[in-house]
Amino acid sequence: MARVDLEAFRWLLTDDGQRLLARAGEVYAEHGGNPVRASTALRKHAEPSRAAAALTQVDLRVRAVPKFGEDAARMYFTPEGLEQATRARVGTHRASRIALAEPASVLDVGCGIGGDTVALAQAGLTVAAVDRDELRVEVTRANLAALGLGGAVQAAEATDVDVTRFGVVFADPARRTGRGRVFDVDGWSPPWPFVLDLLRRPSTVKVAPGIPHALVPEDVEAEWVSDEGEVKEAVLWSPQLASTRRRATVIRRAGLATLTEADDPGAAPVRGVGRCLYEPDGAVIRAGLVTAVAAGVDGGLVDEHIAYVTSDQAFRTPFARSYEVVEQLPFKEKALRAALRERRVGRLTIKKRGVDVVPDQLRKRLSLSGDEEATVVLTRVAGKGTALLVRPF
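Residue numbers (the working numbering): 857 to 1249.
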């Protein structure tokens, strides 16, 4: 995929550029998304650099649909910007929470390609955005215009902006460099001291889901958010916007559910495996609220250090996947292979927690060839390795 060039991108926004972009979409579809054939055909209508710029946008729009839905067809992207952008449903949730505070204005610091800026504007907020990269500024500005949204965007260093002029500040510090992902918070841009200073006033900061609880200031809310079972982000809410200490928010097509420390009794019994096994959502685990799930299903933990919950009762909960425990199988590999072959299992899903197993490697070693499908959970129960044959509810 071609790198997005600032000059070529600006040209795409002209009338001639928009006509070429429309033609690029037609050519892309005619050739079934084949980049080589589409490029060859489009070069009959434009010079190579402009044809490449147009086709890059068309391809990125197709790739953006899982994140941005129908809006993707009108938006603009860079490859890196799309990869790092927040999914629209996650951004909408965050923007809706900010809107509840009814701020006079919101500043998006480090706006990238403008996914969060768009979400804030769509929530009815007066929004301004800054980024130090001129290309990302142009892309954000173009996305607001393409979706008919208002907002001011300019190039600036986050640390140079007077944030006191805004009702709420949203920041998404860059956690990547040319060498890859940065795990040290002091290596973020803007760095951790800037984030801590920001959290003293009304603000919300998107951070990596793996942020240690110990780093979160005592009066700041940490919210872990998953979308369709995949943990997407952690968000820090300043004391002015916080409503709890820890929160897990689970977003699915059917809607949104949230769990907080108010739902957590703080302890759960360790007990033997019952009729049902529950696999808590990743956001619940990150937020340290597995015991809240146990309380919600009238159950307990299979092991004090393992994030599996068991109960004799069958419940539907948005905070965990539910399984019926069919039977316990041998944990040793050779005996497990024999048991699965006896049950004619050929297609096997392996889930594991707390045991030293690589599912893909184990599946190959088992060499199963039956016509049945099954799910096996490998974990520890009261400290002992255990294999459970389960069936999803």
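Note that the Cβ used here is the ideal one computed from N, Cα and C, for glycine as well.
Relative to the C-alpha of T982, which candidate in T973, G1152, A909 has its C-alpha closest? T973
Range covered by the alpha helix (DSSP H) that runs through G1152: 1146–1152
Going by CA-CA distance only, name the one from E994, F1022, V1091 that's closest to P1029. V1091
For E1084, which residues from the same chain have a beta carbon less than 7 Å from its beta carbon, with the 5 sequence-adjacent residues on both sides left out? R1108
Hey, out of T948, Q978, R992, D1212, whose CA is closest to G1250's CA? With the chain covering only 857 through 1249, there is no way to say anything about residue 1250.
By Cβ distance, which residues of its chain are closer than 8 Å to V1076, with the 5 residues on each side in sequence left out? L1055, L1092, W1093, S1094, P1095, A1098
Where are the beta strand (DSSP E) runs, 3 residues long or more, that stay fully inside the stretch 1029–1104, in chain order? 1059–1063, 1077–1083, 1086–1093
Need the endpoints of the beta strand (DSSP E) that G1016 sits in, please. Here residue 1016 turns out to be Asp, not Gly, going by the sequence shown. Premise fails: D1016 is in no beta strand (DSSP E) and is neither H nor E.
Tell me whether the beta-carbon of V1201 lies closer than 8 Å to the beta-carbon of G1239. no
Are the beta-carbon atoms belonging to R899 and A907 less than 8 Å from one another? yes
State the beta-bridge partners of T1231 as determined by DSSP. T1205, V1246
Tell me whether Y1179 sits in a helix, a strand or coil according to DSSP, three-state version. strand
Can you give the beta carbon distance from L1157 to A1104, rounded, assuming they're within the 8 Å contact cut? Not confirmed; about 17 Å, so no contact.
Examine the Cβ distances between the stretch 992–1001 and the stretch 1016–1028 and report whether three or more of them are shorter than 8 Å. no
Rounding to the nearest angstrom, what Cα-Cα distance links T1231 and R1131 in this structure? 15 Å
Determine the direct distance from the alpha carbon of D1137 to that of I969, and round the result to whole angstroms. 29 Å
Checking the sheet assignment: what are the DSSP bridge partners for R1236? G1241
Distance between beta carbons of L1244 and V1211, contact taken as under 8 Å: With a Cβ gap of about 12 Å, V1211 and L1244 do not count as contacting.
Give me, in chain order, the residues of the same chain whose beta-carbon lies closer than 8 Å to that of R1172; leave out the 5 immediate sequence neighbours on both sides. S1178, F1249
Do A880 and A928 have their CB atoms nearer than 8 Å? no
Quick check: the stretch 1194–1208 against the stretch 1142–1162, are at least 3 beta-carbon pairs closer than 8 Å? no
List the DSSP bridge partners of S1167. C1132
Excluding the 5 residues preceding and the 5 following A955 in the sequence, name in chain order all residues of the same chain whose CB lies nearer than 7 Å to its CB. A979, G980, L981
Below 8 Å between beta carbons: does that hold for R1102 and A1078? yes
Provide the residue(s) that pair with V1126 in DSSP beta bridges, ordered along the chain. L1157
Would the beta-carbon of A897 fall within 8 Å of that of L876? no
Which of helix, strand or coil does DSSP assign to D871? helix
Could you check what DSSP says for A957 in three-state terms: helix, strand or coil? coil
Could you give the distance in angstroms between the alpha-carbon of V1149 and the alpha-carbon of W1080? 15 Å
What are the start and end residues of the alpha helix (DSSP H) that includes G1111? Per DSSP, G1111 belongs to no alpha helix (DSSP H); it is in the beta strand (DSSP E), 1111–1116.
Using three-state DSSP, classify A1011 as helix, strand or coil. strand
Report the option in G1004, D1159, V1246, V1061 whose CA atom is closest to the CA atom of E1229. V1246
Using a threshold of 7 Å, is the CB atom of T1116 nearer than that to any non-hydrogen atom of the ligand GTP? In the structure on display, the ligand GTP does not appear, and there are no ligands present to speak of.
Taking Y932 as the reference, which of Q913, A960, V1237 has the closest Cα? Q913
Residue nearest to G888 in terms of C-alpha spacing, selected from D915, L1192, L1224: D915
Backbone CA spacing between G1004 and S1045 [nearest angstrom]: 30 Å
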